[in-house]
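Enquirer: Would you mind keeping the following structure in view while I ask a few things?
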Amino acid sequence: MTSVSEDAAAEFEEETGHAKTGFMALVIGSIGVVFGDIGTSPLYALKETAAAAAEGGPLTREIILGVLSLIVWALILVVTIKYVVILLKADNKGEGGTLTLVALAQRALGKRRGVVLLLGILGAGLFYGDSLLTPAISVLSAVEGLKLIAPDFSTYVVPLTIAIVILLFSFQRHGTGKVGIFFGPIMVLWFATLAVTGIINIVKDPTILFAISPHYSIMFFIEHPHLGVIVMGAVCLAVTGAEALYADLGHFGRSPIRTAWLCFIFPALVLNYFGQGALVLSNPKAIEHPIFFLVPEWALPAMIVLAMAATVIASQSVITGAFSMTRQAIQLGLLPRMEIQFTSESHQGQIFLPRVNILLMCGIIALILAFQSSSNLSHAYGISVFGAMSVDAILAIVVIWKGWRWSLGLTLAMMLPFLFLDLVFVGTNVPKIMTGGYVPIILGMVLITIMWTWVKGTTILFDKTRKSDVPLAELVAMLKKSPPHTVKGTAVFLTSDPDTSPSALLHNLKHNKVLHEKNVILTVKTVDTPRVRNSERVTLEQISDAFWRVKMTYGYMETPNIPRGLAILRKFGFKFDIMATSFFLSRRSIRPAVQSSMPLWQDRLYIGLAKSSTDATDFFQIPTGRVVEVGTQVTI
Numbered sequence: 001m002t003s004v005s006e007d008a009a010a011e012f013e014e015e016t017g018h019a020k021t022g023f024m025a026l027v028i029g030s031i032g033v034v035f036g037d038i039g040t041s042p043l044y045a046l047k048e049t050a051a052a053a054a055e056g057g058p059l060t061r062e063i064i065l066g067v068l069s070l071i072v073w074a075l076i077l078v079v080t081i082k083y084v085v086i087l088l089k090a091d092n093k094g095e096g097g098t099l100t101l102v103a104l105a106q107r108a109l110g111k112r113r114g115v116v117l118l119l120g121i122l123g124a125g126l127f128y129g130d131s132l133l134t135p136a137i138s139v140l141s142a143v144e145g146l147k148l149i150a151p152d153f154s155t156y157v158v159p160l161t162i163a164i165v166i167l168l169f170s171f172q173r174h175g176t177g178k179v180g181i182f183f184g185p186i187m188v189l190w191f192a193t194l195a196v197t198g199i200i201n202i203v204k205d206p207t208i209l210f211a212i213s214p215h216y217s218i219m220f221f222i223e224h225p226h227l228g229v230i231v232m233g234a235v236c237l238a239v240t241g242a243e244a245l246y247a248d249l250g251h252f253g254r255s256p257i258r259t260a261w262l263c264f265i266f267p268a269l270v271l272n273y274f275g276q277g278a279l280v281l282s283n284p285k286a287i288e289h290p291i292f293f294l295v296p297e298w299a300l301p302a303m304i305v306l307a308m309a310a311t312v313i314a315s316q317s318v319i320t321g322a323f324s325m326t327r328q329a330i331q332l333g334l335l336p337r338m339e340i341q342f343t344s345e346s347h348q349g350q351i352f353l354p355r356v357n358i359l360l361m362c363g364i365i366a367l368i369l370a371f372q373s374s375s376n377l378s379h380a381y382g383i384s385v386f387g388a389m390s391v392d393a394i395l396a397i398v399v400i401w402k403g404w405r406w407s408l409g410l411t412l413a414m415m416l417p418f419l420f421l422d423l424v425f426v427g428t429n430v431p432k433i434m435t436g437g438y439v440p441i442i443l444g445m446v447l448i449t450i451m452w453t454w455v456k457g458t459t460i461l462f463d464k465t466r467k468s469d470v471p472l473a474e475l476v477a478m479l480k481k482s483p484p485h486t487v488k489g490t491a492v493f494l495t496s497d498p499d500t501s502p503s504a505l506l507h508n509l510k511h512n513k514v515l516h517e518k519n520v521i522l523t524v525k526t527v528d529t530p531r532v533r534n535s536e537r538v539t540l541e542q543i544s545d546a547f548w549r550v551k552m553t554y555g556y557m558e559t560p561n562i563p564r565g566l567a568i569l570r571k572f573g574f575k576f577d578i579m580a581t582s583f584f585l586s587r588r589s590i591r592p593a594v595q596s597s598m599p600l601w602q603d604r605l606y607i608g609l610a611k612s613s614t615d616a617t618d619f620f621q622i623p624t625g626r627v628v629e630v631g632t633q634v635t636i
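Residues in the sequence shown are numbered consecutively from 1, following UniProt numbering.
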């Protein structure tokens, strides 16, 4: 353990320049944020898996050992090898998640592929479904533990759960770093408690450790083939959170996450599952709430309170993952602009999105009111989680084969077993569709529809406006021959196409009949890397005495700041004074066309999304007093 930790710390220092104390702070912070989801699976995973196995008869020793073996090997294969060892290497300059795999895959293929983008949209949609389900089932399962102390408490479970969820989301604006510092020590105590209570019960029956052998997993399927689908559908609950672990990579970094998992989280989880198994073998009635029966009766209230705290924290991994995923989706053009608040001066990946925060909170409360219990919600859980994991596996095959330049045979030999396992978990959850599995499917379809509509509508709008645009070189030549009245100062015109004249410039010439001394045609471009160095941020090209073309480049994990970017132009000898500069933006009023390329409902959805988009002035951080907006109407 020591060597793993020291090696990871050395790698972290080499990559980031942080001291070891900073590394350990990130390790503890990652325990408080990244591993909350998978760390609270012992509350319900063995309980639900054993309940599924009990449908075939009494819980024998062989069945318990088989179930434990399945859980442990799912943790080894899916979480440890697939995500911690392999996919954490597939980072894009420190950022992870499904959309990072999309960016890496498109870069490896050399162009924007529709199939890859569609897979990314599918994976992102399913991940958002998980972001709603995880907090609901985690907090509910812990609050339900209070019924062991006070059976009459049943009527208060749902109201208390909703109150806790509201409190959790109200805390998000303080940022991932502060959340991690506050939650980290609590989760360290939680995992230590899991390990200690597991060991105490393992000592009473050490033979339970035989379940580490995959032999018991294989024998379970041979002896109970009719239970295989049902049990695997419950085993998947033990590994939920692995996809959030990868999505949260940018918040803490690869080395701290790996160190926390290998040295602390994984051993604690395995010990606790074995302890629960030993307890159930000695007391079959304990299967109702095995994790709470691990402790003596006098310690039960403290264990329940700790579990409640841990489940609140468990929600953090998918919430921060949803923030990161949304930011990437905006920068990749999959969603309209939204307000993004930075919560850390040292870590750019730590962000807060108010609109996403509110939508997640409302969605989670709706699920709690609809399902009322963690057992009911467990039926809705697996499809979204393993659907997203399957997408990750497919995209990883492209990245490893084309990006890492491994042979196709070796790539498939490594990744196909994981893809097969993910698809098995998806398949075993299909029978749950009618009892709750429809929820993530509907959520995923809604989000996929929104993203695809935005991509398609934006493409159509760009193609339409381009037909009526005037080439910039042609306009500059015309203005040289017949110059309009010139006024002092600098005008910055934002456009998505640097080769055509911005509509705001054309309207300014048409209606105001003036031209500024300096005119900057500015294009803001997002690339498929998380961040761009300041030395590569801006390019400047002089077109004429009065016109310059500027391209400003940002990574998909960055929020553009145009005034700060333009200040870099001084290094090129271009004098820039923000107080003598006007920013011209085009505000489009979109209307559905009589003959549209999209159905009317999709037109209206796109128009609604466009209206909900954060104002360009705020998104690009332009001083409001320096902005001139020119309105145009366009049909789609």
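Virtual Cβ for every residue (Gly too), placed ideally from N, Cα, C.
Predicted model, so just to flag it, every value in this text is computed and none were measured.
1. Does the stretch 411 to 429 come into contact with the stretch 377 to 384, if we say contact requires no fewer than three beta-carbon pairs (one atom in each stretch) closer than 8 Å?
2. Are there 16 or more other CB atoms within 10 angstroms of the CB of Q542, so buried, or fewer, so exposed?
3. Excluding sequence positions up to five away, which residues of its chain have a Cβ less than 7 Å from the Cβ of E629?
4. Go ahead and label Q106 buried or exposed: buried means 16 or more other beta carbons lie within 10 angstroms of its beta carbon, across all protein chains shown.
5. Provide the residue(s) that pair with residue 637 in DSSP beta bridges, ordered along the chain.
6. Taking the alpha helix (DSSP H) that E243 belongs to, which residues open and close that run?
7. In the DSSP assignment, find the beta strand (DSSP E) that holds T155 and state where it starts and stops.
8. Out of A329, G608, P256, R570, state which residue places its alpha-carbon closest to the alpha-carbon of G555.
9. Would you kindly check if the distance between the Cβ of P135 and the Cβ of S315 is under 7 Å?
10. Under 7 Å Cβ to Cβ from A74, same chain only, skipping five residues before and after it: list those, please.
11. Who does A491 pair with in a DSSP beta bridge?
12. Sorted by chain position, which residues of the same chain lie with C-beta nearer than 8 Å to I265's C-beta, five sequence neighbours on each side aside?
13. Could you work out which residue in A150, V270, G253 is closest to V196 when comparing CA atoms only?
14. Going by DSSP, what residues sit across from L447 in a beta bridge?
15. Could you tell me if R604 is buried or exposed, where buried requires 16 or more neighbouring beta carbons within 10 angstroms of its beta carbon?
16. Q542 by DSSP, collapsed to three states: which one?
17. Quick test of your reading: V157 and V143, contact by CB under 8 Å. State the CB separation rounded to the nearest angstrom.
18. Please say whether G363 and L129 have beta carbons closer to each other than 7 Å?
19. Using 7 Å as the threshold, is the C-beta distance between residue 646 and I199 below it?
20. Please state if the CB of L279 and the CB of N201 are separated by a distance shorter than 7 Å.
21. What's the gap between the Cα of F220 and the Cα of A211?
22. Return the CA-CA distance between S141 and L377, expressed in angstroms with no decimal places.
23. According to DSSP, is Y554 part of a helix, a strand, or is it coil?
24. Would you tell me roughly how many angstroms separate the C-alpha atoms of R61 and Y44, rounded to the nearest one?
25. How would you call I71, buried or exposed, if buried means at least 16 neighbouring beta carbons within 10 angstroms?
26. Look up W406 in the DSSP assignment and give the residues it is bridged to.
27. Would you list the residues sitting across from W548 in a DSSP beta bridge?
28. Tell me which residue opens and which closes the alpha helix (DSSP H) that A366 is part of.
29. Rounded to whole angstroms, what's the CA-CA distance from F183 to G437? Just pull it up for me.
30. Give me the residue from A504, K480, K456 with the minimum Cα distance to residue 645.
31. Rounded to whole angstroms, how far is the Cβ of S69 from the Cβ of P214, which I believe are closer than 8 Å?
32. Nearest-angstrom Cα distance between Q602 and T453?
33. What does the alpha-carbon distance come out to for the pair K488 and E517?
34. Which value, in whole angstroms, describes the spacing of the CA atoms of W404 and L262?
35. Does DSSP classify T617 as helix, strand or coil?
36. Over the uninterrupted alpha helix (DSSP H) stretch that includes V116, give me the two end residues.
Expert: In this structure, then:
1. yes
2. Using a 10 angstroms sphere on the CB of Q542, the tally of other CB atoms stays under 16, which defines it as exposed.
3. The answer, listed in chain order, is L585, R587.
4. buried
5. The structure shown does not extend to residue 637, since the chain is modelled only from 1 to 636, so the question has no answer here.
6. 242 to 247
7. Per DSSP, T155 belongs to no beta strand (DSSP E) and is neither H nor E.
8. A329
9. yes
10. These residues qualify, in order along the chain: V235, A238, V239.
11. N519, S582
12. I31, F35, I38, G39, F191
13. With distances taken between Cα atoms, V196 lies closest to V270.
14. L447 is not bridged to any residue.
15. So R604 counts as exposed.
16. strand
17. 5 Å
18. It should be pointed out that residue 129 corresponds to Gly in this sequence rather than to Leu. No; because the gap between Cβ atoms is not below 7 Å, this pair is not in contact.
19. Outside the shown range of the chain (1 to 636) lies residue 646, about which nothing can therefore be said.
20. yes
21. Our two residues, F220 and A211, have alpha carbons roughly 11 Å apart in a direct line.
22. 10 Å
23. DSSP places Y554 in strand when its eight states are reduced to three.
24. 20 Å
25. I71 is classed as buried because its beta carbon has at least 16 other beta carbons within 10 Å across all chains shown.
26. Looking at the DSSP assignment, W406 forms no beta bridge with any residue, so it has no partner.
27. V520, Q542
28. 354 to 371
29. 31 Å
30. In the structure as shown, the chain begins at 1 and stops at 636. Residue 645 is therefore absent and cannot be evaluated.
31. 6 Å
32. 7 Å
33. 5 Å
34. 25 Å
35. helix
36. That run of the alpha helix (DSSP H) goes 114 to 143.
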